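First up is the structure itself, then whatever we jot down about it.
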Amino acid sequence: MNSFRLITTYSPWLILACLALGLLYAWLLYSKRAPWPKSINYPLAALRFVVVSFICFLLLGPLVRYVSNTTQEPTIIFALDNSQSVQLFSDSVQLKQAEQGLQSILAKLQDAGYRTEVRTLANEQRQSINNLTYTSETTNLSQLLAQVQEEYTEQNLAGVVLLSDGIVNQGISPTYANYGYTLYPVAVGDTVPKKDVLVASLRYNKVNYSGNRFPLEVELQQEGFGGRPANVVLKENGKAIANKRVTLQANQPVQQVPFQVLASSLGKRHYEIEVQPLQGEFTTLNNTKHAYIDVVKGKIKILIAAAAPHPDIKAIRAAIESNENYETELYIPGLTQLKQQDYDVAVLHQLPGRVAGGEAALNLVRQKGLPTLYILGPQSDLNDYNRLNVGLNISSNGQADEVTPVANVNFTTFTLPEATTERLQQYPPARVPFGDVRVNPNTEVVLYQQVGRVKTNKPMLAVQTSGDKRNATLLASGIWQWRIMENANNEQPEVYDKLMTNLIQLLSAPRNKKRLNVYPIQTEYTSSDEIRFNAEAYNEALEPIYGQNITLSIKNDEGETKRFNFANGENQAGVNIGTLQGGRYTYTASARINGQVQQDKGEFVVEELQLEALSSVADHNLLYQLASNTGSKLYHPGTLQQLEQDLLTADHKAKIYSSEELKDLVDLKWLFFLLLGFICVEWFIRKYNGSY
962 MNSFRLITTY SPWLILACLA LGLLYAWLLY SKRAPWPKSI NYPLAALRFV
1012 VVSFICFLLL GPLVRYVSNT TQEPTIIFAL DNSQSVQLFS DSVQLKQAEQ
1062 GLQSILAKLQ DAGYRTEVRT LANEQRQSIN NLTYTSETTN LSQLLAQVQE
1112 EYTEQNLAGV VLLSDGIVNQ GISPTYANYG YTLYPVAVGD TVPKKDVLVA
1162 SLRYNKVNYS GNRFPLEVEL QQEGFGGRPA NVVLKENGKA IANKRVTLQA
1212 NQPVQQVPFQ VLASSLGKRH YEIEVQPLQG EFTTLNNTKH AYIDVVKGKI
1262 KILIAAAAPH PDIKAIRAAI ESNENYETEL YIPGLTQLKQ QDYDVAVLHQ
1312 LPGRVAGGEA ALNLVRQKGL PTLYILGPQS DLNDYNRLNV GLNISSNGQA
1362 DEVTPVANVN FTTFTLPEAT TERLQQYPPA RVPFGDVRVN PNTEVVLYQQ
1412 VGRVKTNKPM LAVQTSGDKR NATLLASGIW QWRIMENANN EQPEVYDKLM
1462 TNLIQLLSAP RNKKRLNVYP IQTEYTSSDE IRFNAEAYNE ALEPIYGQNI
1512 TLSIKNDEGE TKRFNFANGE NQAGVNIGTL QGGRYTYTAS ARINGQVQQD
1562 KGEFVVEELQ LEALSSVADH NLLYQLASNT GSKLYHPGTL QQLEQDLLTA
1612 DHKAKIYSSE ELKDLVDLKW LFFLLLGFIC VEWFIRKYNG SY
């Protein structure tokens, strides 16, 4: 029901004055002798009276108050747990009975005037409950119920009927949340423990170094097989490589079975743990579990060399070693020996220097052609540094300036944490050479110098790319204070450590000259994830180009291949190849760029979740607690008539929602055209009868 009311901002008594003005105006205009009869004169006077009175009334600033009322019938949501465990471990007859019973209740609620909706775990809407497919690989009841609460916060939500077995394997327990509606749980599944042995979990490092042995620990669970032997087999790419026979303990439902595995060839390796089936097992779906290991080359070795001890060296070394994949070797003449190893990166602190020392490290860097981070300070020989031609050319009279770092927002080769800008402002000033600094070609600035509050265009940290090699230069001494200050203010020096580790990663990685770069957004997926690929194409100058037709081939371990065709675009999100079954996959992408075929390849893994097969015992206690928390009770497939009666007899009433709107009367366009129409009619009649 809608209504409106007229409100004035001045005293209503002034309306009489408006009428009086309209009447006076009409009398003065139409009281004289007119060339038309009185039958026309009186209507013209009335029109003029209405128009003038209403225009005067508009000067009082009247408002129109609209009140609209909407009646909303009560809503019942049917939330369905369509996870695999419901179908796997529920009696099929009872499950079908529950579906048909709930569909009947839904129809009767609609006949009684209720609004109804059907939702599944993925928050998908369905028209009916019949023919429900139980395909969800995870169960997150708290997310489902929270989404319902969020979507119906301002609607007349009377209750939620939840069909579930109570098994939750993702998210928090729904019993910890407070819902603003009544829950009517319908319990399915079997609460009786079944004879079973299963692989509950695997513990292992996802990244391991080639040539090393790594531990893989298997967690076995059993029910009803105490004292029986079990055979645990470890397979690599489908071939058995190890076997252990264990005795299942009656008083120990969980047992650990350790393996030591040799990380052989590089790349992603697929391992499978299988407990060979025992006679009398309820199900063998949970007897296997998969592990995907990324075998990489040994740790990246970094040579840190200096002519003399300095506190900066310890800070830099600690930052680099915060990444477990990096290993540092320190060389200071007279204190440590220079080990002849295959280094990947060198960090030279104030080398080349003004005093003797460190020549052995400089010679090693030249001979090996190592990518190097040069850190300049008061003892650096700038002339020798300039002759290296590694990115910057510095002219200085030996004086120093105190500056703070500021990030270059246009540098995107690697990213730093979100708090970088704020934390860099907290850093104490560092000493840099005072003078002119010229940036050589193919050099990008990472950090600029800031004097006080003035940002300059002088670089503090720059990276040069020359062919396949990169070098970096840091013009700062005393940066050990940066790490201490950030650690004191923020509990950990995240920005400082990330800056150093990113630099090492950039220097150690060969420059990518591929003209086609196709890659999955992630290197690891689950079998329920949609897999997306991005693609980049470059011309001969390594400038990005778009609109290239790309063919992508995906192959699994069995040799089965799927092909996809797509075009890369500046604002496109690549290609979505959908979901895949668990396993290790290799991919090959090709495109014709400027008449030449370019290719790229790689690999990724899809992990089979198998969460729904881990627990075969329904948790009706959780459903009972949910019902108790919301003032309801637990129902079963055989008591759905009671549920129907409780829903239809509950005090669920329609709600009336009112909305109010205030609007200036003068803003109504139809009033303007109405007054204009009156004026035009009056003018036309006067002119037609021989007057203006």
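Residue 1356 in the working numbering sits at position 395 of the sequence shown, with consecutive numbering throughout.
Cβ atoms here follow ideal geometry from the backbone N, Cα and C, with glycine treated the same way.
Quick caveat, the model's predicted, so the values are computed rather than measured.
- When beta bridges are read from the DSSP output, I1234 appears opposite L1195, K1250.
- Under the 10 Å beta carbon count, V1012 is surrounded by 16 or more other beta carbons and is classified as buried.
- Setting aside the 5 residues that flank it on each side, A1006 is surrounded in the same chain by A987, W988, L990, Y991, each with a C-beta closer than 8 Å to its C-beta; the list follows chain order.
- For the pair L1041 and R1087, the CB atoms are nearer than the 9 Å cut-off.
- Assignment of N1526 by DSSP, reduced to helix, strand and coil, places it in the strand class.
- Of the candidates P1313, R1076, A1307, the residue whose Cα lies closest to the Cα of K1329 is A1307.
- Note that the C-beta distance between T1099 and N1139 is not below 9 Å.
- With respect to the 9 Å criterion, L1575 and A1161 are classified as neighbours on the basis of their beta carbons.
- Membership of I1440 in any alpha helix (DSSP H) is not indicated, and neither H nor E is assigned to it by DSSP.
- By the neighbour-count criterion, in which 16 or more other beta carbons inside 10 Å mark a residue as buried, T1094 falls on the exposed side.
- With a beta-carbon spacing of about 5 Å, P1035 and N1117 fall inside the 8 Å limit used to define contacts.
- By the Cβ test, the segment 1342-1355 is in contact with the segment 1432-1444, since at least three Cβ pairs between them sit closer than 8 Å.
- Taking the CA atoms as reference points, V1456 sits about 13 Å from I1440.
- The three-state reading of DSSP puts G1638 in helix, counting H, G and I together.
- Note on F1039: 16 or more other CB atoms within 10 angstroms of its CB, so buried under the neighbour-count rule.
- Counting only the Cα atoms, L977 lies some 24 Å from N1002.
- Judged by DSSP in its simplified three-state form, G1599 adopts helix.
- Annotated as distal: I1128 and S1053, with beta-carbon spacing of 9 Å or more.
- By the neighbour-count definition (other C-beta atoms within 10 Å, threshold 16), L1296 is an exposed residue.
- Residue burial is scored here from C-beta neighbours: N1529 has at least 16 other C-beta atoms within 10 angstroms and is therefore classed as buried.
- By alpha-carbon distance to Y1480, the top candidate from A1380, Y1548, S1577 is Y1548.
- The Cβ neighbour count for E1178, taken over all protein chains shown within 10 Å, is under 16; the residue is labelled exposed.
- Inter-residue distance for K1258 and S1171 is about 6 Å (C-alpha atoms, whole angstroms).
- Under the Cβ criterion (8 Å, minimum of three pairs), the segment 1153-1160 counts as touching the segment 1237-1249.
- Using a Cβ distance threshold of 9 Å, E1643 and R1009 count as a contacting pair.
- The beta carbon of N1448 lies closer than 7 Å to those of P1454 in the same chain, with the five residues before and after it left out.
- Separation of the CB atoms of I1515 and I1538 is rounded to 7 Å, and the pair is thereby assigned contact status at 8 Å.
- Around the Cβ of I1234, a 10 Å sphere holds 16 or more other Cβ atoms; the residue is buried.
- Per DSSP, the unbroken beta strand (DSSP E) holding Y1546 starts and ends at 1544-1554.
- In the three-state scheme derived from DSSP, where H, G and I count as helix and E and B as strand, I1646 is classed as helix.
- DSSP lists L1477, I1506 as the beta-bridge partner residues of A1498.
- Judged by DSSP secondary structure, G1120 falls within the beta strand (DSSP E) whose first and last residues are 1118-1125.
- In this structure, F1565 places its C-beta atom within 9 Å of the C-beta atom of T1484.
- In the three-state DSSP reduction, E1098 falls in the coil class, being neither helix nor strand.
- DSSP lists V1256 as the bridge partner or partners of G1228.
- When rounded, the separation of the alpha-carbon atoms in P1272 and S1226 is 40 Å.
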